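As structure tokens, the structure follows; a few thoughts come after it.
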């Protein structure tokens, strides 16, 4: 029986029932947790006996995803059914509106923690490679044109900076998901005198309608995937024959079904491709929310699939990229040859003139003229410009432990 079946006196048409059914089994452990919190509130108010609370606690611990049937409208109705006779009392003082909001908040907090762990593993792989390549010279690029020599270690540390900001965004999203909407009921609380949940939200109408925390999570995932796409693109470029800066590890690459010689950077490419999907999920939920009046509307059922899919994608991509980066075979000789072009020292030459008192614009034009007429020769030496890359790697490792 549906939770709202007292008002509708006929069976729903099969097409309607199928359309309305929520595919939300991923919420089960979080809805079980929220239901236990609510059951304790009911016992504290005298609505459940101590023995009934014990029975609810035991039954909740025994419920698994396999117990949810196709006839259950959603995970919430499944839990009430599986609780048996005492389940008829469990919904006092709450609505599916605050119930699902509470479960989704718990889900997002867990998803943020999971993504942060995967992020730390990926960063660890990048930092290990950055330490190994702290002194490996390579061309730095602007506009995808060789610009100034840097080191591969310094370049990889730029990836870490992006990922560190991603960690901050995930932590923010987790904090936004922390307040509890339990007690808000359908939208205006309950006449039953139930104790408040831990960290209750201030406004009951906002409590059941807010999905900003889901947007924050999807935004964190979308930005992270944007960074992974940039990293993936660089790996794709570096491992082409045209660049030849690195070779793909066979344990993190694929071949061609037709061309026997091919080794493809599919991990990097798919991470790059999933950025568009991640951005689409964020945009989709923003569009869903933008026209909704307060408080709860069934449109909000569409929040979950985007969040569920984002969780799977971000953890999977980070784990695969960690394996890819750990196995890359860097061609240090190729990188060194790429830096042998004297034009990469043109900026050094201009700054050497500045050090003698020449205004920078004059120095720039003088060196540019030499490049143009083919008479440019680089200075014999240049001051270091990157600092101690090894020390920067060690400091980053300390921040991530």
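Residue numbers (the numbering used here): 7 to 407.
Built from N, CA and C at the ideal position, the CB exists for glycine as well.
The structure presented is a predicted model; accordingly, all values stated were derived computationally and were not measured.
Own chain partners of residue i with C-beta closer than 6 Å, once the 5 adjacent residues on each side are dropped
{"i": "residue 310", "result": "30"}
{"i": "residue 334", "result": "252"}
{"i": "residue 42", "result": "66"}
{"i": "residue 207", "result": "185, 187 and 213"}
{"i": "residue 176", "result": "118, 121, 122 and 226"}
{"i": "residue 281", "result": "231, 232 and 235"}
{"i": "residue 211", "result": "193, 300 and 301"}
{"i": "residue 196", "result": "99"}
{"i": "residue 158", "result": "139, 142 and 144"}
Own chain partners of residue i with C-beta closer than 8 Å, once the 5 adjacent residues on each side are dropped
{"i": "residue 408", "result": "A query on residue 408 cannot be resolved here, the shown segment of the chain reaching from 7 to 407 and no further."}
{"i": "residue 172", "result": "125, 226, 229, 230 and 233"}
{"i": "residue 59", "result": "45, 46, 48 and 49"}
{"i": "residue 264", "result": "none"}
{"i": "residue 147", "result": "153"}
For residue i: DSSP bridge partner residues
{"i": "residue 147", "result": "152"}
{"i": "residue 303", "result": "Paired residue(s): none; residue 303 is not in a bridge."}
{"i": "residue 335", "result": "253"}
{"i": "residue 270", "result": "260"}
{"i": "residue 203", "result": "None; residue 203 has no bridge partner."}
Near the ligand COA: residue i beta-carbon under 8 Å from a heavy atom
{"i": "residue 248", "result": "As presented, the structure is devoid of all ligands, the ligand COA included, so that no description of it is given."}
Cβ separation of residue i and residue j, assumed to be a contact under 8 Å, to the nearest whole Å
{"i": "residue 219", "j": "residue 179", "result": "6 Å"}
{"i": "residue 113", "j": "residue 36", "result": "5 Å"}
{"i": "residue 243", "j": "residue 327", "result": "Going by Cβ atoms, the distance from residue 243 to residue 327 rounds to 15 Å, so no, they are not a contact pair."}
{"i": "residue 275", "j": "residue 294", "result": "Not really, about 30 Å apart at Cβ, beyond 8 Å."}
{"i": "residue 136", "j": "residue 162", "result": "4 Å"}
{"i": "residue 166", "j": "residue 402", "result": "5 Å"}
{"i": "residue 277", "j": "residue 238", "result": "4 Å"}
{"i": "residue 399", "j": "residue 140", "result": "6 Å"}
{"i": "residue 291", "j": "residue 51", "result": "Rounded, the Cβ-Cβ distance is 35 Å, inconsistent with contact."}
{"i": "residue 279", "j": "residue 269", "result": "Their Cβ separation, rounded to whole angstroms, is 19 Å, which puts residue 279 and residue 269 out of contact at 8 Å."}
{"i": "residue 259", "j": "residue 287", "result": "Rounded, the Cβ-Cβ distance is 28 Å, inconsistent with contact."}
{"i": "residue 85", "j": "residue 38", "result": "7 Å"}
{"i": "residue 313", "j": "residue 223", "result": "6 Å"}
7 Å CB neighbourhood of residue i in its chain, flanking five on each side removed
{"i": "residue 202", "result": "189"}
{"i": "residue 160", "result": "392 and 395"}
{"i": "residue 205", "result": "184, 185 and 186"}
{"i": "residue 168", "result": "233"}
{"i": "residue 89", "result": "62, 65 and 96"}
{"i": "residue 384", "result": "348, 351, 354 and 355"}
{"i": "residue 345", "result": "143, 144, 145 and 155"}
{"i": "residue 257", "result": "329 and 333"}
{"i": "residue 271", "result": "241, 242, 245, 254 and 259"}
For residue i, three-class secondary structure by DSSP
{"i": "residue 35", "result": "helix"}
{"i": "residue 67", "result": "helix"}
{"i": "residue 184", "result": "coil"}
{"i": "residue 384", "result": "coil"}
{"i": "residue 157", "result": "strand"}
{"i": "residue 20", "result": "helix"}
{"i": "residue 222", "result": "helix"}
{"i": "residue 282", "result": "helix"}
{"i": "residue 123", "result": "helix"}
{"i": "residue 74", "result": "coil"}
{"i": "residue 239", "result": "helix"}
{"i": "residue 310", "result": "helix"}
{"i": "residue 406", "result": "coil"}
{"i": "residue 43", "result": "helix"}
{"i": "residue 401", "result": "helix"}
{"i": "residue 245", "result": "coil"}
{"i": "residue 289", "result": "helix"}
{"i": "residue 265", "result": "coil"}
{"i": "residue 171", "result": "helix"}
{"i": "residue 83", "result": "helix"}
{"i": "residue 196", "result": "coil"}
{"i": "residue 211", "result": "helix"}
{"i": "residue 130", "result": "helix"}
{"i": "residue 298", "result": "coil"}
{"i": "residue 391", "result": "coil"}
{"i": "residue 61", "result": "helix"}
{"i": "residue 30", "result": "coil"}
{"i": "residue 191", "result": "coil"}
{"i": "residue 137", "result": "helix"}
Short CB-CB distance (under 9 Å) between residue i and chain C
{"i": "residue 347", "result": "Within the model displayed, chain C is absent; a lone protein chain is all it includes."}
**Whole runs of the alpha helix (DSSP H) within the region 315–374, excluding any shorter than 4 residues** = Annotation: the region 315–374 contains the following complete segments of the alpha helix (DSSP H) (minimum length 4 residues), in chain order: 338–344 and 352–361.
Item checked: Whole alpha helix (DSSP H) elements within the region 90–115, 4-residue minimum -> Note on the region 90–115: whole alpha helix (DSSP H) runs with a minimum of 4 residues are 93–96, in chain order.
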